[in-house]
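S.K.: Pasting in a structure now, in structure tokens, and then I'll have a few things to ask.
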Amino acid sequence: MTGHSSDSSVPARTPSGVPHLVRTVCLVTTFSGFLTVGLLVAAPLGAQAIVGTLVEAETGVPIEGASVVLLNRNGEQVNWRLTEAFGRFSFPTIQAETYLLRADRIGHASVLSDPITVEPGATVVYRLEAPVEPILLVGIDVTSSSRCEVRPGRGASTAVVWGEARKALEATSRTADMGVYRYVIRHYERELDDRGREVRSEESRIQNGVMANPFRSLDVKTLLERGFMHSEKDGFVYYAPDADILLSDPFLDSHCMSLTEGENEAEGLIGLSFEPTEDRGVPDISGILWLDPEDAELRWLDYRYEFLDVPNPEGLGGKIQFYGLPNGTWIVRDWYIRMPLLESTVGPAPARRFRLVGLREQGSSVMSVNNLQGDLVLDSRTGIIEGVVLASEGADPVQEVVVLLDDSTGVTTDEDGRFRFTALAAGYYGLTVFHPDLNSLGLAEEPVFVDVSPGQVTSASLQFASVETVMTGRCGPVEPSGFEGILVGFALDENRNPLPGARVSVAWEELEERGASIGMVYKVLTTPELPDNAFFLACGLPRDRAVDITVEWNGLESQPERFRLSETQRVSRRNITLR
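Letter 304 of the sequence shown, counting from 1, is numbered 459 in this note's numbering, and no numbers are missing.
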């Protein structure tokens, strides 16, 4: 994160006319949209590549939004990709050598592949399986991990929590390097009382634009040598930590970690505290990374400055709020820094003392984010639903089907099976996939309900079930074999009105072995009384011969209608009319 000297020098003058200049740090949050990262790209002729999919080990379900890291044989990072909606990733144009793949997913254990040898000119296809079991932060005893440790040992509770925070920080750092989004951001400066509770004045401005990598601090070497507050000729510059600082080896080697339990605003969260291991004679920081124990996601960082030569430094510090998007990218949504406003006493210079008279708060908040194609990615005032429709028989996307929002507003899925609803008010919404065949049978799928909040992106995964899948499921314990068919339809009168309460019978003859002899047997299957729409379902019927269908209603019975079920499809459709 860098300072902007053009408009950030703010003099705070005392009644005696002695100023204490506070040159603040103008931080701008990094944004990310639904940029597809890691598309399958064919390697150029003569080049090498690794392409693959990341799936759940037990179910084979593809995993979207996970980080797949390409490592060389020494375990050093070469490149990284985010998996797409169907778990795909690719590393084109790599050198011919031996690699490892590591998949990182927040809330789940990381998985490391076997060594992958890439020969010259070869494209290796690899399936990486990740464990389904979540990493549980719920129930961790923070009191047993209250001792501050530098780089806590593997398996320790502190190390487990840091592992999940690290994944979010790494994703934030990688997202910041993309810098390909249009955004609206509100910058503000406030003057507060010395307790930070009363706002004495406030100025704000709205900024639109695209910034390559705005949320960036100084390099860790400079900050550790000179500190997080620098004295310059026109005032003091305060620096906040970015993700790269918190992840760096020098920072981790000079700060210890422990666990703490959340209170007040952080009630129910688990905190990963860090603090300097020693006073190195320069301003430093301590802080707490707050994680949700239910999903192991990082929520925000509270930090404060240490070893400042100012009175009442307890309220000096800041907050950085993190947010993960469904496609695996992470952004900084809100931040602020609080710096001191000091007043000097009157008298000779050596005897002067300073007292804290107020705080200067500077920060920014994301209002909205769009990608370069103009699609709305995030809106602080309304909610967004972003999802995918998959075939129920597998993980393939279903394109060009209509997804309905509360049975009214509809959008069509794209070639990747994806859909989006934007500008939604807070509330619960029902999502259904419109299925012409099922809807015509009165068998529309039950909606999937999601909770939408302003400023949030809610993800959803829907299934487009085939008629065969739905009917097979409805047959229940009479689940047919591959040679048995299903007959569906409606029982109607001559005016094509439904006959609720009617019963449909299907009869046929077949050979059956009885002891030492084989004989022809007459079989009849009769449905229960039909519902109001008179839909019927008959399971376990032969597909290699004709059947006779009749309907009985209020003592009246129709003449048999001969019908032959499809030999190529399990489900056949035929209405029966009472004449």
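Virtual Cβ for every residue (Gly too), placed ideally from N, Cα, C. The model shown is predicted, which means the values in this text are computed figures rather than measured ones.
Give the DSSP bridge partners of Ala285, in chain order.
M.R.: Taking the sequence shown and counting its residues from 1, the one referred to as residue 285 is at position 130. Glu211, per the DSSP bridge assignment.
S.K.: Between Glu649 and the rest of its own chain, which residues show a CB-CB distance below 7 Å, the 5 nearest in sequence each way excluded?
M.R.: Here the question's residue 649 lines up with position 494 in the sequence shown. Closer than 7 Å at the Cβ level, and outside the excluded window around Glu649, lie Thr732 and Arg734.
S.K.: Under DSSP, the alpha helix (DSSP H) around Arg321 begins and ends at which residues?
M.R.: Along the sequence shown, one-based indexing puts residue 321 at 166. Element bounds for Arg321: Ser312 to Ala331.
S.K.: Would DSSP call Lys388 helix, strand or coil?
M.R.: As a working mapping, residue 388 is identified with position 233 in the sequence shown. If DSSP states are grouped into helix, strand and coil, Lys388 belongs with coil.
S.K.: Rounded to a whole number of angstroms, what is the C-alpha to C-alpha distance between Met626 and Ala701?
M.R.: Stepping through the sequence shown from its first residue, residue 626 is reached at position 471. Stepping through the sequence shown from its first residue, residue 701 is reached at position 546. Met626 and Ala701: Cα-Cα distance of roughly 21 Å.
S.K.: Where are the beta strand (DSSP E) runs, 3 residues long or more, that stay fully inside the stretch 608 to 634, in chain order?
M.R.: Complete beta strand (DSSP E) runs here, min 3: 612 to 619.
S.K.: Looking at the structure shown, is Pro591 part of a helix, part of a strand, or coil, going by DSSP?
M.R.: Position 436 of the sequence shown holds residue 591. In the structure shown, Pro591 sits in a helix (DSSP, three-state: H, G or I).
S.K.: From the DSSP output, which residues share a beta bridge with Arg257?
M.R.: Indexing the sequence shown from 1 puts residue 257 at position 102. Its beta-bridge partners are Val224 and Leu267.
S.K.: Relative to the C-alpha of Leu256, which candidate in Ser265, Arg717 and Gln250 has its C-alpha closest?
M.R.: Along the sequence shown, read from residue 1 onward, the residue named residue 256 stands at position 101. Ranking Ser265, Arg717 and Gln250 by Cα distance to Leu256 puts Ser265 first.
S.K.: So within the stretch 472 to 522, which uninterrupted beta strand (DSSP E) runs reach at least 3 residues, ignoring any that extend past its ends?
M.R.: Correct list: 472 to 479 and 485 to 499.
S.K.: So Pro247 is in the beta strand (DSSP E); what residue range does that whole segment cover?
M.R.: What you label residue 247 is simply residue 92 of the sequence shown in a count that begins at 1. Residues Arg243 to Ile249.
S.K.: On the criterion of 16 or more Cβ atoms from any shown chain inside 10 Å, does Ile361 qualify as buried, or is it exposed?
M.R.: Sequence index remark: in the sequence shown, residue 361 carries index 206 (1-based). So Ile361 counts as exposed.
S.K.: Excluding the five sequence neighbours on either side, which residues of its own chain have a C-beta within less than 8 Å of the C-beta of Glu664, listed in chain order?
M.R.: The residue you call residue 664 lines up with position 509 of the sequence shown. So the list reads Met675, Val676, Tyr677, Lys678 and Arg700, once near-sequence residues are dropped.
S.K.: Assuming Leu586 and Pro602 make a contact with CB atoms under 8 Å, what is their CB distance in whole Å?
M.R.: For this step, residue 586 is matched to residue 431 along the sequence shown. For this step, residue 602 is matched to residue 447 along the sequence shown. Correct: roughly 6 Å between the Cβ atoms.
S.K.: Check this for me: beta carbons of Gly513 and Arg355, under 8 Å apart or not?
M.R.: Here residue 513 refers to the residue found at position 358 when the sequence shown is read from its first residue. Here residue 355 refers to the residue found at position 200 when the sequence shown is read from its first residue. For Gly513 and Arg355, yes; Cβs fall inside 8 Å.
S.K.: Could you work out which residue in Ile261, Glu716, Asp457 and Gly695 is closest to Ser428 when comparing CA atoms only?
M.R.: Indexing the sequence shown from 1 puts residue 428 at position 273. Checked all of Ile261, Glu716, Asp457 and Gly695; the closest Cα to Ser428 is Asp457.
S.K.: Could you tell me if Gln528 is buried or exposed, where buried requires 16 or more neighbouring beta carbons within 10 angstroms of its beta carbon?
M.R.: For the purposes of this step, residue 528 is identified with residue 373 of the sequence shown, where counting begins at 1. Answer is exposed; the Cβ neighbour count stays below 16.
S.K.: Does the Cβ-Cβ distance between Phe146 and Val556 come in under 8 Å?
M.R.: Here the chain comprises residues numbered 156 to 734, so residue 146 is not present and cannot be evaluated.
S.K.: Three Cβ pairs or more, each shorter than 8 Å: is that satisfied between the stretch 328 to 343 and the stretch 519 to 528?
M.R.: yes
S.K.: Hey, is Gly426 close to the ligand NAP, as in C-beta under 7 Å from one of its heavy atoms?
M.R.: Absent from the structure shown: the ligand NAP. Ligands present: none.
S.K.: Label Arg371 either buried or exposed according to how many other C-beta atoms from any shown protein chain fall within 10 Å of its C-beta, with 16 as the threshold for buried.
M.R.: Sequence index remark: in the sequence shown, residue 371 carries index 216 (1-based). Answer is buried; the Cβ neighbour count reaches 16.
S.K.: From the DSSP output, in three-state form, read off Ile290 for me.
M.R.: Here the question's residue 290 lines up with position 135 in the sequence shown. If DSSP states are grouped into helix, strand and coil, Ile290 belongs with coil.
S.K.: Distance, Cα to Cα, Ala662 vs Trp708?
M.R.: Counting from 1 along the sequence shown, the entry for residue 662 is found at position 507. Counting from 1 along the sequence shown, the entry for residue 708 is found at position 553. Counting only the Cα atoms, Trp708 lies some 17 Å from Ala662.
S.K.: Taking C-beta to C-beta, are Ile540 and Leu579 nearer than 8 Å?
M.R.: Locating residue 540 in the sequence shown gives position 385, counting from the first residue. Locating residue 579 in the sequence shown gives position 424, counting from the first residue. Yes, they are a contact pair.
S.K.: Which partner residues does Thr567 have in the DSSP bridge list?
M.R.: Locating residue 567 in the sequence shown gives position 412, counting from the first residue. Within the DSSP secondary-structure output, Thr567 pairs in a beta bridge with Val557.
S.K.: Am I right that Ile249 and Val273 are in contact with their C-beta atoms under 8 Å? What's the rounded C-beta distance?
M.R.: Within the sequence shown, numbered from 1, the residue matching residue 249 stands at position 94. Within the sequence shown, numbered from 1, the residue matching residue 273 stands at position 118. Confirmed, Cβ separation roughly 7 Å.
S.K.: With distances taken Cα to Cα, identify the nearest neighbour of Asp569 among Gly542, Arg454 and Leu593.
M.R.: Numbered from 1 along the sequence shown, position 414 holds the residue referred to as residue 569. Closest option to Asp569, Cα to Cα, is Gly542.
S.K.: Bridge partners for Ile673 per DSSP, in chain order?
M.R.: Taking the sequence shown and counting its residues from 1, the one referred to as residue 673 is at position 518. According to DSSP, which records beta bridges pairwise, Ile673 is partnered with Glu668.
S.K.: Can you name, in chain order, every residue of its own chain whose Cβ lies under 6 Å from the Cβ of Arg573, other than the five neighbours on each side?
M.R.: Here the question's residue 573 lines up with position 418 in the sequence shown. Closer than 6 Å at the Cβ level, and outside the excluded window around Arg573, lie Val543.
S.K.: In angstroms with no decimal places, state the Cα-to-Cα distance between Lys474 and Asp489.
M.R.: Counting from one through the sequence shown, the residue named residue 474 turns up at place 319. Counting from one through the sequence shown, the residue named residue 489 turns up at place 334. One C-alpha to the other measures close to 8 Å.
S.K.: Just to confirm before moving on: does the CB-CB distance between Phe244 and Leu209 stay below 8 Å?
M.R.: Here the question's residue 244 lines up with position 89 in the sequence shown. Here the question's residue 209 lines up with position 54 in the sequence shown. Against a cut-off of 8 Å, the Cβ pair of Leu209 and Phe244 comes out as a contact.
S.K.: What does the Cβ neighbour count give for Gly193, buried or exposed, with the cut at 16 atoms within 10 Å?
M.R.: Mapped onto the sequence shown, residue 193 falls at position 38. Because the pLDDT at Gly193 is just 32, under 50, the model does not fix this residue reliably, and the value given afterwards should be weighed accordingly. Counting Cβ neighbours within 10 Å, Gly193 comes out buried, since at least 16 surround it.
S.K.: With C-beta atoms as the reference, is Val287 less than 8 Å away from Ile205?
M.R.: Taking the sequence shown and counting its residues from 1, one reaches residue 287 at position 132. Taking the sequence shown and counting its residues from 1, one reaches residue 205 at position 50. Going by C-beta atoms, Val287 is not nearer than 8 Å to Ile205.
S.K.: Let me know the secondary structure DSSP gives Ile440 once reduced to three states.
M.R.: For the purposes of this step, residue 440 is taken as residue 285 along the sequence shown, with counting starting at 1. Strand at Ile440.
S.K.: Go through its chain and collect everything with a Cβ distance to Ala421's Cβ below 7 Å, but skip five positions before and after it.
M.R.: Here residue 421 is taken as the residue at index 266 of the sequence shown, counted from 1. Excluding positions up to five away in sequence, the list reads Trp445.
S.K.: Which same chain residues, not among the five before or five after Arg381, have their C-beta less than 8 Å away from its C-beta?
M.R.: For this step, residue 381 is matched to residue 226 along the sequence shown. Around Arg381: Val437.
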